[in-house]
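Notes to accompany the following structure.
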Amino acid sequence: MTATTTGQEKSQSRLPNPAVLVPELAEISRALVKATGNGSVPQATISLVQLRAGQIVGSTYLTVLHTGNLRRAEQSEERITAVASWRDATCFTDAERVALELVEAVLLPNPHGERVSDDLYARAAAHYDDTALATLTMAIGQIGFFTPLALIGKPTPGVGPAQQWRD
6 MTATTTGQEK SQSRLPNPAV LVPELAEISR ALVKATGNGS VPQATISLVQ LRAGQIVGST
66 YLTVLHTGNL RRAEQSEERI TAVASWRDAT CFTDAERVAL ELVEAVLLPN PHGERVSDDL
126 YARAAAHYDD TALATLTMAI GQIGFFTPLA LIGKPTPGVG PAQQWRD
């Protein structure tokens, strides 16, 4: 016998609200948002990196979320849709390119050596000062922190947080 899912079940996560179960989650989330929003890296770059991370980890929820963030920030559809193929796209700055390369280096295995080579770090440091590099690192870490909730909890794209979690 095959189990079926009703529309109501499809619109909710598999998990109950983790912020209720682990109240410290809200504080951690606010701290990460504050850390990545310190102004040292353009918010568009942060969102591009987080969109790419969502694509890499295979989370439709994170991909839709960060696509929406970029649209609300009035980023062009060309830039948003080109994130997955950024290497041959002409719509990104050199600083954005190195940020996208950095998130890929962190999240994708490298069978031929270090994930973040000295060369990649040097190229990133040429575009970002120490504070900005730390902020960019936190932006990648922010996605890493929330990836298990996105993949295990399986939130539905486009459903607001208040309605997202099952009772």
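Mapping of the sequence shown onto our numbering: position 159 corresponds to residue 164, and the numbering continues sequentially without gaps. The beta-carbon is built from N, C-alpha and C at its ideal position, and this holds for glycine as well.
Go ahead and label residue i buried or exposed: buried means 16 or more other beta carbons lie within 10 angstroms of its beta carbon, across all protein chains shown.
i: Ala-104; result: buried
i: Gln-168; result: exposed
i: Glu-101; result: buried
i: Arg-57; result: buried
i: Gly-165; result: exposed
i: Glu-109; result: buried
i: Val-54; result: buried
i: Ile-85; result: buried
i: Ala-130; result: exposed
i: Pro-28; result: exposed
In the DSSP assignment, the alpha helix (DSSP H) including residue i goes from what residue to what residue?
i: Gly-158; result: 135-158
i: Pro-23; result: 23-26
i: Ser-34; result: 29-41
Cβ atoms of residue j and residue i: under 7 Å apart, would you say?
i: Ser-90; j: Leu-75; result: no
i: Ala-155; j: Tyr-66; result: yes
If you compare alpha carbons, which of the options is closest to residue i?
i: Pro-114; options: Ile-61, Phe-150, Ala-24; result: Ile-61
i: Thr-98; options: Val-27, Val-46, Leu-112, Ser-18; result: Val-46
i: Ile-148; options: Arg-77, Val-121, Cys-96, Ser-34; result: Ser-34
i: Phe-150; options: Ala-49, His-117, Gly-59, Gly-73; result: Gly-59
Subject >> 4-residue-minimum alpha helix (DSSP H) runs that sit fully inside the stretch 55-133, ordered along the chain >> reply: Within the stretch 55-133, the complete alpha helix (DSSP H) runs of at least 4 residues are 65-77, 82-87, 99-112, 123-132.
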